[in-house]
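Engineer: Can you read through this structure? Questions will come right after.
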Ligand SMILES: Nc1ncnc2c1ncn2[C@@H]1O[C@H](COP(=O)(O)OP(=O)(O)O)[C@@H](O)[C@H]1O
Ligand SMILES: [Mg+2]
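Chains as they are written, first to last, in my numbering: chain A, 13 to 301; chain B, 61 to 357.
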């Protein structure tokens, strides 16, 4: 949508109309989480151009049902672009993108996004931010309230229900972002450098909490980061993206058993070699400008 | 002020590896109490400066008025007294009532048209393409220039005056709301799409609340513009209301009385602005957040 706005042809009103069009070809409901194998992500030969330059070229990527995959890559390599295409917020120019076997043509109801800059509405309290997508989707009021309160409690913000985002620190804001995604009970969660905007200590705390949350809820997750440590800590598999154009240059399984903690991952024998390998891949892809 | 800044954010003081968010209580009552005290002190200081300023200006006015010719200027005590006499003897209350009535109607029309036009122009490119050049042309035109034409078309009665007032209010309102809607964070629009808000929900939850601060800014500007419109309309069409009182008093060289009318118009403007300030605080609670530095906003 940014593109469209920047090209200056469409107002937000028209964009809403376009969204309606996307929804007309709505996907059939995804099978329940217990169904197995139905909320996998698959990208095949995906291309994306901005103007004359390919931002993403011939990208193949798959995430299995209930798998946690981290994508690492230098900044500007197209990570956000990839996530926006998966989220149905940007179109891809060729290739196929499916989630649970359904081609992505717009935001899917089974997918929740956690945004780098939190994406909270400043005029809504924590509670209302979390409850909004459920209310919009027509979840009954009591049910929405119960789920919102539960999610807010899960991220440790029980006391902040009635606060506005401006009253929260960066770490707390992203907890709200996580709570909003959780409360939607998605089958797939897409996270775009969710912890990049918070300080290092908070970041580790949030990683720890995310490990805990994910071990309980186990959705299919695609987590974008440019931190190698973060990727190893969280992921079952790390996908390394190269730059110019964006493509997958390595795909590494993280053989560290769960449950994990930030500390236990650091102590693990495969941590250092993994880190070395990813670092090496990233170093060789970073071409001088 | 050299008050030590205590960072109220829990994360700032939390230690790596500690469990979930360090709760607000952990910071202790005293931190919050200190913040509140600092805020109160800053408010008191602000008020004190304001009062001193008013006293200085009134004293200067008084002194100057006492040492000049009555036809040119008058001390504030005389002005206030003359104002009182105008109310009692010359029916200034009726004039005020009339002006307020035309103002209220014209202002309401101007604000409503401005909100609708500005919102449409901000949200839909077709609306911008269709009408923005007229809006900006009229915005750049001194509305005074249109007054004779409007009298020609509509006449000299209250209707004409209301139209003139509305014209004064509409364009700044439209332009402000337009810019407000346009600047609503592109990222938030993307979030609303991702949360699958439909068109109505996007208006209700995103566009309208996002535009509220700008609507209020426009409405506040509109008060000043509308008051200009009232006086100009009353002087240029049928002489009436406060404009008539002003004209009568100054043409008969009752300078103190004329100043009283001017003072009344000023008080009116300031009061209406203050009312809108209260409305603002009511409607935009998310911006009324204590930043801990004595300011709000
Ligand atoms: N809307 C857009 N229009 C033009 N170029 C864009 C747009 N969005 C991103 N790009 C370009 O695409 C490249 C990848 O951007 P992005 O996906 O944000 O990278 P990352 O998230 O990996 O840092 C960058 O070179 C950026 O300048
Ligand atoms: Mg990015």
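The C-beta atom is built at its ideal place from N, Cα and C for all residues, glycine as well.
Since this is a predicted model, take the numbers as computed values, not measurements.
Locate the alpha helix (DSSP H) running through residue 106 (chain A), then write down its first and last residues.
Structural biologist: Where residue 106 (chain A) is concerned, there is no enclosing alpha helix (DSSP H), although the beta strand (DSSP E) it sits in stretches over 106-111.
Engineer: Below 8 Å, how does it come out for the segment 253-267 of chain A and the segment 219-234 of chain A: are there three or more Cβ pairs, yes or no?
Structural biologist: Short answer: they don't touch.
Engineer: Applying the criterion that 16 or more other CB atoms from any shown protein chain within 10 Å of the CB defines a buried residue, is residue 346 (chain B) buried or exposed?
Structural biologist: buried
Engineer: Taking the straight line between their C-alpha atoms, what separation do you get for residue 299 (chain B) and residue 343 (chain B)?
Structural biologist: 38 Å
Engineer: Going along chain A in order, which residues have a C-beta closer than 7 Å to the C-beta of residue 261 (chain B)?
Structural biologist: 148
Engineer: Kindly indicate the opening and closing residues of the beta strand (DSSP E) around residue 253 (chain A).
Structural biologist: 249-254
Engineer: Report all residues from its chain with a CB closer than 7 Å to the CB of residue 89 (chain A); omit the five preceding and five following residues, and keep chain order.
Structural biologist: 253, 254, 255, 258
Engineer: Suppose contacts are defined by Cβ-Cβ distances below 7 Å. Is residue 202 (chain A) in contact with residue 234 (chain A) by that definition?
Structural biologist: yes
Engineer: Could you check what DSSP says for residue 208 (chain B) in three-state terms: helix, strand or coil?
Structural biologist: helix
Engineer: Which residues mark the beginning and the end of the beta strand (DSSP E) in which residue 259 (chain A) is found?
Structural biologist: For residue 259 (chain A), the uninterrupted beta strand (DSSP E) run begins and ends at 259-265, by DSSP.
Engineer: Which residues in chain B have a C-beta closer than 9 Å to the C-beta of residue 94 (chain A)? List them in chain order.
Structural biologist: Residues of chain B whose Cβ lies closer than 9 Å to the Cβ of residue 94 (chain A) do not exist; the shortest such Cβ separation is about 15 Å.
Engineer: Report the three-state DSSP secondary structure of residue 56 (chain A) (helix, strand or coil).
Structural biologist: strand
Engineer: Taking residue 276 (chain B) and residue 339 (chain B) to be in contact with their CB atoms under 8 Å, please state how far apart those CB atoms are, rounded to whole angstroms.
Structural biologist: 7 Å
Engineer: Please list, in chain order, all residues of the same chain as residue 313 (chain B) whose beta carbon is under 7 Å from its beta carbon, the five residues on each side excluded.
Structural biologist: 131
Engineer: How is residue 305 (chain A) classed by DSSP in three states: helix, strand or coil?
Structural biologist: Since the first and last residues shown for chain A are 13 and 301, residue 305 (chain A) lies out of range.
Engineer: Along chain A, in chain order, which residues have C-beta atoms closer than 8 Å to that of residue 266 (chain B)?
Structural biologist: Simply 133.
Engineer: Compute the Euclidean distance between the alpha carbons of residue 325 (chain B) and residue 283 (chain B), then round it to the nearest angstrom.
Structural biologist: 11 Å
Engineer: I want to verify the contact list: residues of chain A whose CB lies under 8 Å from the CB of residue 99 (chain B), in sequence order.
Structural biologist: Within chain A, no residue has its CB atom less than 8 Å from the CB of residue 99 (chain B), the nearest being about 14 Å off.
Engineer: Quick check on the DSSP output: what are the complete alpha helix (DSSP H) runs of length 4 or more inside the segment 131-200 of chain B, in order along the chain?
Structural biologist: If we require 4 residues or more, the alpha helix (DSSP H) runs fully inside the segment 131-200 of chain B come out as 136-149, 152-183, 185-200.
Engineer: Of all the beta strand (DSSP E) runs that stay within the bounds of the segment 144-225 of chain A, which reach a length of 3 or more residues?
Structural biologist: 200-204
Engineer: Near residue 31 (chain B), what residues of its chain come up, given a Cβ to Cβ distance below 7 Å and the 5 sequence neighbours on each side ignored?
Structural biologist: With chain B running from 61 to 357 in the structure shown, residue 31 (chain B) is simply not present.
Engineer: Should residue 115 (chain A) go down as buried or exposed, given a rule of 16 or more other Cβ atoms within 10 Å for buried?
Structural biologist: exposed
Engineer: Thinking C-alpha only, which one of A:294, A:65, A:217, A:248 is nearest residue 182 (chain A)?
Structural biologist: A:217
Engineer: Got a sec, what are the start and stop residues for the alpha helix (DSSP H) residue 232 (chain A) sits in?
Structural biologist: No alpha helix (DSSP H) holds residue 232 (chain A); the beta strand (DSSP E) holding it covers 232-237.
Engineer: Cβ of residue 162 (chain B) within 7 Å of Cβ of residue 221 (chain B)?
Structural biologist: yes
Engineer: Less than 7 Å between the beta carbons of residue 126 (chain A) and residue 198 (chain A), yes or no?
Structural biologist: The beta carbons of residue 126 (chain A) and residue 198 (chain A) sit no closer together than 7 Å.
Engineer: Are the C-beta of residue 234 (chain A) and some C-beta of chain B separated by less than 7 Å?
Structural biologist: no
Engineer: Who pairs with residue 65 (chain A) in a beta bridge, going by DSSP?
Structural biologist: A:62
Engineer: Is the CB of residue 115 (chain A) under 7 Å away from at least one CB in chain B?
Structural biologist: no
Engineer: Of the residues that make up the segment 245-258 of chain B, which ones have a beta carbon closer than 8 Å to any beta carbon in chain A?
Structural biologist: 246, 247, 248, 249, 250, 251, 253, 254, 255, 256, 257, 258
Engineer: Suppose contacts are defined by Cβ-Cβ distances below 7 Å. Is residue 107 (chain A) in contact with residue 56 (chain A) by that definition?
Structural biologist: yes
Engineer: With a cut-off of 7 Å, does the C-beta of residue 135 (chain B) fall near any C-beta of chain A?
Structural biologist: No, residue 135 (chain B) lies away from the interface with chain A (no Cβ there is under 7 Å from its Cβ).
Engineer: Measuring only between beta-carbons, confirm whether residue 101 (chain A) sits less than 7 Å from chain B.
Structural biologist: So yes, residue 101 (chain A) belongs to the interface.
Engineer: Taking the CB atoms as reference points, tell me whether residue 156 (chain A) and residue 165 (chain A) lie closer together than 7 Å.
Structural biologist: Contact check for residue 156 (chain A) against residue 165 (chain A) fails: the beta carbons are separated by 7 Å or more.
Engineer: Work out the CA separation of residue 271 (chain B) and residue 193 (chain B) for me, nearest whole Å.
Structural biologist: C-alpha separation (whole angstroms): 21 Å.
Engineer: Pop quiz: residue 74 (chain A) and residue 54 (chain A) are said to be a contact at Cβ under 8 Å. What is the actual Cβ separation, rounded to whole angstroms?
Structural biologist: 5 Å
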